[in-house]
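Q:
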Amino acid sequence: HANKDEDTQPLIIDLSADYRFDKNWLYMIPEIIQKQSSIDFQQTKKISNPGCYATAMQLVLMPLKNELSQVPSCFGVSGYSGAGTTPSDKNNPQRLKDNFLPYAPVNHLHEKEVAFQLENTIQFTPHVASFFRGISMTVHLHLSRAWTTEELSEFFDQFYKNSPLVKVEKDIPEVHHVQNKYHAIIGGISLKEDGRQATIFCVLDNLLKGAASQALQNINLTCGFEELTGIQ
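Count the sequence shown with the numbering used here and you get residues -11 to 220, in order.
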């Protein structure tokens, strides 16, 4: 039961979308929020866990938040476990066999979620495929200055160097690399000749880094435990 004594208030973590736009709840992507030194995690009692697509998009976009010159465009593909338990075409293996379903072409909830956190408009179109679990996110973005591929790769390496559950790799990551795994992979960082138009890929397991294990990371940080307690 909930104790009304403020000093012994239980920690509440919500995995739904209900509080992701509520400033009274701390929205936590661990690798991003740990960069914000002003936050006292152990004083936090209400955590809103991010969405799966939203996590994949923000792992790419948030480090470059101040470098964007135009609206980013994101193309996401999820396994059908991400479509929920209510029967529909999006989680019907027979409907998905040899098939690929776009849905919610505008105003998907995770599009709004990322725009709210990024404080910037984004474009996002989700798709569901015939595999059960995992997300592949392709992010197209325009940068305010020219970069080389080496510079951009090094930027992500440095940003996530102390983040054990985000790996930065040279090659384009694939969904099967992260299925049933706790980490996300960012990779395939590519630039057009002008050095300002970038394509970056992110893959993660929507049921783990996109949900359950990220929730456990957040609990660990808030309770003062080692970040990977109960995960690895």
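Backbone N, C-alpha and C define an ideal beta-carbon position, used for all residues, glycine too.
With burial defined as no fewer than 16 other Cβ atoms inside 10 Å of the residue's Cβ, what is the status of P60: buried or exposed?
A: Buried.
Q: Please report how far the alpha carbon of E55 lies from the alpha carbon of R133, in whole angstroms.
A: Rounded to whole angstroms, E55 to R133 spans 8 Å at the Cα level.
Q: Can you name, in chain order, every residue of its own chain whose Cβ lies under 6 Å from the Cβ of V65, other than the five neighbours on each side?
A: Closer than 6 Å at Cβ, skipping near neighbours: H115, A117, S124.
Q: What residue ranges within the segment 23 to 104 form continuous alpha helix (DSSP H) runs of no fewer than 4 residues, ordered along the chain?
A: Segments of the alpha helix (DSSP H) lying fully in the segment 23 to 104: 40 to 49, 81 to 84.
Q: With respect to the beta strand (DSSP E) encompassing P18, which residues constitute its N-terminal and C-terminal limits?
A: It is not in any beta strand (DSSP E) - P18 instead sits in the alpha helix (DSSP H) that spans 18 to 21.
Q: Taking the C-alpha atoms as reference points, what is the distance between K34 and Y15?
A: About 9 Å.
Q: Taking 6 Å as the cut-off, does the CB of F189 come closer than this to any heavy atom belonging to the ligand NAP?
A: Ligands in the displayed structure: none, and consequently the ligand NAP is not present.
Q: From K149, C190, Y148, L49, pick the residue whose C-alpha is nearest to that of H165; which is it?
A: Measuring from the Cα of H165, the nearest candidate turns out to be C190.
Q: Might you give, ordered along the chain, the residues of its own chain that have their beta carbon closer than 7 Å to the beta carbon of H96, omitting 5 neighbours on each side?
A: Closer than 7 Å at the Cβ level, and outside the excluded window around H96, lie F112, P114.
Q: Just the Cα atoms here: how many angstroms apart are T210 and K100?
A: Going from the Cα of T210 to the Cα of K100 covers about 26 Å.
Q: Pair every Cβ in the segment 196 to 215 with every Cβ in the segment 4 to 18, then say whether three or more of these pairs are closer than 8 Å.
A: Flag = yes, the segment 196 to 215 and the segment 4 to 18 touch.
Q: Beta carbon of F144, beta carbon of V127: below 7 Å?
A: Cβ distance not < 7 Å, so F144 and V127 don't count as in contact.
Q: In this structure, does DSSP put I219 in helix, strand or coil?
A: In this structure, I219 counts as coil in the three-state DSSP scheme.
Q: Checking 7 Å against the spacing of the C-beta atoms, do N194 and C40 come in under that value?
A: In this structure, C40 lies closer than 7 Å to N194 by Cβ.
Q: CB-CB under 8 Å to N(-9), same chain, minus the five flanking residues each way: which ones, in chain order?
A: Reliability of the predicted coordinates at N(-9) is poor, the pLDDT of 41 falling under 50, and the value obtained from them is presented with this limitation in mind. Correct list, in chain order: Q(-3), P(-2).
Q: Excluding the five sequence neighbours on either side, which residues of its own chain have a C-beta within less than 6 Å of the C-beta of L140, listed in chain order?
A: Closer than 6 Å at Cβ, skipping near neighbours: I177.
Q: Excluding five sequence neighbours on each side, which residues of the same chain lie with their C-beta closer than 8 Å to the C-beta of I0?
A: Same-chain partners within the cutoff: K33, K34, I35.
Q: Below 8 Å on the Cβ atoms is my contact criterion, and I expect P81 with Y68 to pass it. Report the Cβ-Cβ distance as a whole number of Å.
A: About 7 Å; that satisfies the 8 Å criterion.
Q: From the DSSP output, in three-state form, read off S132 for me.
A: Here S132 sits in coil by DSSP.
Q: Using the beta-carbon count (16 or more within 10 Å), is N37 buried or exposed?
A: Answer is buried; the Cβ neighbour count reaches 16.
Q: According to DSSP, I0 sits in a beta bridge with which residue or residues?
A: Note: I0 sits in a beta bridge opposite K34.
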